[in-house]
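Participant: Position one of the sequence shown corresponds to residue 274 (my numbering), numbered consecutively onward. Idealized CB from N, CA, C, for every residue including glycine. What you are looking at is a predicted structure, and each value in this text was computed from that prediction instead of being measured. Handing you a structure now.
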Amino acid sequence: MSNHKHLVAIFGGAVSGAEAAHQFTQRNIPCVVFDQNTLPYGKIEDGLPKWHNKLRDKEEGRINEKLSHELVRFVPHIRLGREVSFEDLVSWGFSAVILAIGAWRDRPLPIEGINDYVDKGLIYQNSYIYWFNHFHEPTYTEPQFEALDNSIVVGGGLASLDVLKVLMILTVQRALKEKGHEFNMFELDRSIAKVLDGLGYTLEDLGLKGATLYYRRRIKDMPLSPTQADTPEKMAKVKMVQEKILNNYQKKYLFNVKPLHTPVDKIVENGRLVGLVFQQTELVDGRLKAIEGSETPVRASQIISSIGSIPEMIEGIPASGQVFNINQENGCQLEGYDNVFAVGNTVTGRGNIKESMKHSQIVTQEWIGTHFNDEPDAAVYEDAFETRALDTAEVVEGIAEKVAQSAPLSEDKLQELNERVSELQKLSGYKGDFMAWVEEHLPVRLEDMLGH
Ligand SMILES: Cc1cc2nc3c(=O)[nH]c(=O)nc-3n(C[C@H](O)[C@H](O)[C@H](O)COP(=O)(O)OP(=O)(O)OC[C@H]3O[C@@H](n4cnc5c(N)ncnc54)[C@H](O)[C@@H]3O)c2cc1C
Numbered sequence: 274m275s276n277h278k279h280l281v282a283i284f285g286g287a288v289s290g291a292e293a294a295h296q297f298t299q300r301n302i303p304c305v306v307f308d309q310n311t312l313p314y315g316k317i318e319d320g321l322p323k324w325h326n327k328l329r330d331k332e333e334g335r336i337n338e339k340l341s342h343e344l345v346r347f348v349p350h351i352r353l354g355r356e357v358s359f360e361d362l363v364s365w366g367f368s369a370v371i372l373a374i375g376a377w378r379d380r381p382l383p384i385e386g387i388n389d390y391v392d393k394g395l396i397y398q399n400s401y402i403y404w405f406n407h408f409h410e411p412t413y414t415e416p417q418f419e420a421l422d423n424s425i426v427v428g429g430g431l432a433s434l435d436v437l438k439v440l441m442i443l444t445v446q447r448a449l450k451e452k453g454h455e456f457n458m459f460e461l462d463r464s465i466a467k468v469l470d471g472l473g474y475t476l477e478d479l480g481l482k483g484a485t486l487y488y489r490r491r492i493k494d495m496p497l498s499p500t501q502a503d504t505p506e507k508m509a510k511v512k513m514v515q516e517k518i519l520n521n522y523q524k525k526y527l528f529n530v531k532p533l534h535t536p537v538d539k540i541v542e543n544g545r546l547v548g549l550v551f552q553q554t555e556l557v558d559g560r561l562k563a564i565e566g567s568e569t570p571v572r573a574s575q576i577i578s579s580i581g582s583i584p585e586m587i588e589g590i591p592a593s594g595q596v597f598n599i600n601q602e603n604g605c606q607l608e609g610y611d612n613v614f615a616v617g618n619t620v621t622g623r624g625n626i627k628e629s630m631k632h633s634q635i636v637t638q639e640w641i642g643t644h645f646n647d648e649p650d651a652a653v654y655e656d657a658f659e660t661r662a663l664d665t666a667e668v669v670e671g672i673a674e675k676v677a678q679s680a681p682l683s684e685d686k687l688q689e690l691n692e693r694v695s696e697l698q699k700l701s702g703y704k705g706d707f708m709a710w711v712e713e714h715l716p717v718r719l720e721d722m723l724g725h
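Structure follows, in C-alpha cells:
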C-alpha cells in the first residue's frame, strides 16, 4: 500500500460501513473496517428475523463483496469504546474516521422505574430477536428467553410485527407438538392460520390466547409501508396500505391488536413485571390526546417493548439526549471533529424505516400489486437496506472527495497506523483473508439443520 497517501478508519462493517468502504476503495483510498462482532453483518444477521434467510444471504453476499476488496483491511472483535476509546482513535491520525455503528439500544419504555424489570417480565426487542435468530445454534450461550402465550408487545412498526410473529410461531409450534403435530418455523411462517385450518384447530383449541400488540395510534398510522407520501392523496393511499398490511399479518399469524392505547404505568408483583396499565388515546385535529380516566390494567405473561432503536452512547462522542451531535448539512460531520463522520442508522436511529425512504423507487400501487399477497415484510426490509446503502454512498462521496484533497499522510504515519491495525488483527485472531474468516465463522443455519 506504499503508493497510497491516505487511510480511513470505519467502525461498523454492515450495510452502511461496507458501503462506505466500497465508496473509498472505488476512489483508490484504502480503509480499515473494524467491527465489534466476529462477522460484520449487523442488523441483517441479528435483527432481520431468520425466516428471511434468502434476503439475509443476499445482503450478506453484498457486504462480503465490498469487504473482500484488496484495499480493505478488516478487524473483527474491536468495539469502539471498549478495545479502542474514541479519544485514542481520533488521536491516531487516520485521514478520516467513519462511524457506521448502527442503532442497537432499544428506546426505553417511558414508564418510570420500568427498566428495573428487564428480564423480570420485561424484554426489549433487540435482545429478543437476537435470541430468536441464534438460539438453534449448538454454540449459543447468550441470554435465553421464552415465547409465552398471552404476551404483550408494545410498539407499532415492522420490528414489533416481527416480535409478534416470533411469539405466535413459537407458541403455536409448541402447542401443536403437544398434540403430536410437528411443524417447522418456515412452514408456520408461511401462514399459521393455514396450518391450523388444515388441522381443523383454532387457537382456542390449542389453549392459546395469542400475543397482543398495543399501539398508541390508529392501525392505519402504523409505519409499515415503504412508500413516501408527499401529497394528501398519496398519504391516504399509504394509510390504506398500512391498514391492509396489518390486517393481512393478523389474518396469517392470528395475534390481537389494540390500537389507540398507550402504556402509562407498570403492574409489579413479587419483584416481577406482570402487566401494564394502558390509557386510551384519541386523535384530535391530527394530535394524539390521552383520554383521562380511561386507564385499564392489563396482565400478561411477559412484556416485550419494541418502540425503536437508538445508537449506543460511546464515551467521548458528543451527543444530546439519545443522538450523536451530527451536522447532517455538513456531510454528517461529528460536532467538533473535522474528519469524523457518521453514516447509516447511527445518524437516524429513529425506529422508523419509512422516514429514510427518500431513494425508494417503489410507488404504492405497484407495491401493493407486487408484494401485498406474499411477503410485504421482505420487500420493506430489502428496500430499507438498499436505501441505507444509497444514503451512505451519497454522504461518503463528499467525504471521499475531502479526503482525496486533504494533506497526504507521511510514510511514517501510514506505517504506524498499519502496524496498529496489524496488532489489533492479531489480538482478534484474524489472519487477513476475509472470505476464509467468513466461512470459518458463519453460524449454523436453521434451514441446513432442517434440510429445508
Ligand atoms: C428489526 C429491524 C429494524 C430496523 N430498523 C431500521 C430503522 O430504524 N431505520 C432504518 O433506516 N432502517 C432500519 N432497518 C433496516 C436496515 O436494517 C438498516 O437500515 C440497515 O441494516 C442499517 O445498517 P447499518 O450498517 O447502519 O447498521 P447495523 O446493521 O446496525 O450495523 C452496525 C454495525 O456496527 C457494529 N458496531 C456497533 N457498535 C460498534 C462499536 N461500538 N464498535 C465497533 N463496531 C460496532 C455492529 O456489530 C454492526 O455490524 C431495520 C431492520 C431490521 C431488521
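(1) Identify which residue in ASP685, ALA709 and GLN398 has its Cα closest to the Cα of LEU340.
(2) Which residues bound the alpha helix (DSSP H) around TYR397?
(3) Identify whether SER424 lies in helix, strand or coil by the three-state DSSP scheme.
(4) At what residue ranges does the segment 655–721 contain a whole run of the alpha helix (DSSP H), taking only runs of 4 or more?
(5) Check the C-beta distance from LYS562 over to LEU549 and give it rounded, since I have them as a contact under 8 Å.
(6) Examine ligand 1 and report whether any of its heavy atoms sits within less than 6 Å of the Cβ of GLN309.
(7) Could I get the ranges of all uninterrupted beta strand (DSSP E) runs contained in the segment 528–554, with 3 residues as the minimum, in chain order?
(8) Give the DSSP-derived three-state secondary structure of ASP650 in the structure shown.
(9) Return yes when the C-beta of ALA709 is under 6 Å from any heavy atom of ligand 1, and no when it is not.
(10) Less than 6 Å between the CB of PRO716 and some heavy atom of ligand 1, yes or no?
(11) Does DSSP classify SER582 as helix, strand or coil?
(12) Helix or strand or just coil, what does DSSP make of VAL306?
(13) If you count every other CB in all the chains shown that lies within 10 Å of the CB of ARG489, and 16 or more means buried, which is it?
(14) Decide if LYS331 is buried, meaning its Cβ has at least 16 other Cβ atoms within 10 Å, or exposed.
(15) With C-beta atoms as the reference, is ARG428 less than 7 Å away from PRO496?
(16) State buried or exposed for ALA369, treating a residue as buried only when at least 16 other CB atoms are found within 10 Å of its CB.
(17) How long is the line joining the alpha carbons of VAL717 and ASN326, rounded to whole angstroms?
(18) Is there at least one non-hydrogen atom of ligand 1 closer than 6 Å to the beta-carbon of ASN406?
(19) Within a Cβ cutoff of 6 Å, which residues of the same chain sit near ALA662, ignoring the five residues on either side of it in sequence?
(20) Starting from the C-beta of MET441, find all residues in its chain whose C-beta is less than 7 Å away, skip the five residues before and the five after it, and write them out in chain order.
(21) When you measure from the CB of ALA432 to every non-hydrogen atom of ligand 1, does any distance come out below 6 Å?
(22) Is GLY334 close to ligand 1? I mean its beta-carbon at under 6 Å from any heavy atom of the ligand.
(23) In whole angstroms, give me the CA-to-CA distance for HIS409 and VAL694.
(24) Are there 16 or more other CB atoms within 10 angstroms of the CB of ARG346, so buried, or fewer, so exposed?
(25) How should LYS452 be labelled, buried or exposed, when 16 other C-beta atoms within 10 angstroms of its C-beta is the threshold for buried?
(26) Closer than 6 Å by C-beta to TRP404: which residues in its own chain qualify, once you throw out the five before and the five after it? Chain order, please.
(27) Confirm the yes/no value for this check: CB of ASN598, any heavy atom of ligand 1, distance under 6 Å.
(28) Can you give the Cα-Cα distance for LEU449 and LEU479, rounded to whole angstroms?
(29) Measure the C-alpha to C-alpha separation of ILE302 and SER358 and round it to an integer number of angstroms.
(30) Examine ligand 1 and report whether any of its heavy atoms sits within less than 6 Å of the Cβ of ARG661.
(31) Helix, strand or coil: which one does DSSP assign to SER593?
(32) For a test of the three-state rule: what should DSSP assign to ALA432, helix, strand or coil?
(33) Can you give me the C-alpha to C-alpha distance between ALA573 and ILE425, rounded to a whole angstrom?
(34) Check each candidate in ALA651, ILE580, GLY671 and VAL571 and name the one with the smallest Cα separation from ALA615.
Facilitator: Let me lay it out:
(1) ALA709
(2) Counting along the chain, TYR397 falls outside any alpha helix (DSSP H), though it belongs to the beta strand (DSSP E) covering 395–397.
(3) coil
(4) 684–701 and 707–714
(5) So it is not a contact: roughly 20 Å between Cβ atoms.
(6) yes
(7) 529–531 and 534–542
(8) ASP650: helix per DSSP, three-state reduction.
(9) no
(10) Checking every heavy atom of ligand 1 against the Cβ of PRO716, none is found closer than 6 Å.
(11) strand
(12) Reduced to three states, the DSSP call for VAL306 is strand.
(13) buried
(14) With fewer than 16 other Cβ atoms from the protein chains shown falling within 10 Å of its own Cβ, LYS331 counts as exposed.
(15) Correcting the residue type first, residue 428 is Gly in the shown sequence and not Arg. Their beta carbons are not under 7 Å apart, which means GLY428 does not touch PRO496 by this criterion.
(16) buried
(17) 12 Å
(18) no
(19) VAL288 and GLU292
(20) ILE465, GLY483, ALA484, TYR526, LEU527 and PHE528
(21) yes
(22) no
(23) 34 Å
(24) buried
(25) exposed
(26) PHE418
(27) no
(28) 7 Å
(29) A straight-line Cα-Cα distance of about 24 Å links ILE302 and SER358.
(30) yes
(31) strand
(32) helix
(33) ALA573 and ILE425: Cα-Cα distance of roughly 6 Å.
(34) GLY671
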